[in-house]
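In this note's numbering, the protein residues as written are 52 to 133.
We put the beta carbon where it would ideally sit given N, CA and C, even for glycine.
Report on the structure given below.
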């Protein structure tokens, strides 16, 4: 690990500038955050593919049309209730 990075992390931990109690906790939290970011990017990429898929778009439009009346009914009920 590059020494400047280690020293900076140590300062964050020693000065209580984060929730980590140890340097190891800091790195575990950082890795978990990075893994969450990668998962999110993977999910976003999957949705991006769906937005370009003509068959998916056709199916999504049909589903939206099938549920349009029940969507309006639910909206009206929700607006009537206090």
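- Straight-line spacing of the CA atoms in residue 128 and residue 113 works out to 24 Å.
- In this structure the segment 54-74 does not touch the segment 85-95; the number of beta carbon pairs closer than 8 Å is below three.
- CA-CA distance, residue 107 to residue 54, rounds to 50 Å.
- Residue 56: member of the alpha helix (DSSP H) spanning 54-65, first to last residue.
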